[in-house]
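Written out below as structure tokens is the structure these notes cover.
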Amino acid sequence: MYKQTKALFFQVLTSMHAGGDSRLGVVDLPIQREGHTQFPKVEASSLKGSLRRVVEQKASEHEVARFFGPKDQGDLYASAVSFSDARLLFFPVVRSRVYLPG
1 MYKQTKALFF
11 QVLTSMHAGG
21 DSRLGVVDLP
31 IQREGHTQFP
41 KVEASSLKGS
51 LRRVVEQKAS
61 EHEVARFFGP
71 KDQGDLYASA
81 VSFSDARLLF
91 FPVVRSRVYL
101 PG
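According to full-length UniProt numbering, the sequence shown is numbered sequentially starting from 1.
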């Protein structure tokens, strides 16, 4: 059971693409989307994998395994952290006209 929760906020400074399923359609690499709103999201497994890779560059293999769980033997013990999907806080929209009061 997890005893602490923390909110993480990410600001994307460059283009980002979190790939979705492998169905081919109009776009070869569809992005991950929420089912009910179709807004883009980053699934928890993608987020955890990306963060693990960054930590692997800075910490020992033992520390990484202790925090994220063993890489190839996931049945030995669970990860010390749990992630949920990353959702948009702000969503840019295109406006057809600019309203200037006065």
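Just so it is clear, CB atoms sit at the ideal spot from N, CA and C, and this is done for glycine as well.
Please read all numbers here as calculations on a predicted model, not as lab measurements.
Contact between F67 and V54 does not hold, since their C-beta atoms are separated by about 12 Å, which reaches or exceeds 8 Å. Contact check for Q32 against A18 passes: the beta carbons are separated by less than 7 Å. Cβ contact annotation for L76 (same chain, cutoff 6 Å, sequence separation greater than five): P70, in chain order.
In the structure shown, the three-state DSSP call for A86 is strand. Where E56 is concerned, the enclosing alpha helix (DSSP H) starts and stops at 44-56. Relative to S79, the option among A65, G35, E43 whose CA is nearest is A65. When the beta-carbon positions are compared, D85 and K48 stay at least 7 Å from each other. In the DSSP assignment, F10 falls outside any alpha helix (DSSP H) and carries neither an H nor an E. CA-CA distance, L88 to L100, rounds to 28 Å. Here R33 is bridged, per DSSP, to P40.
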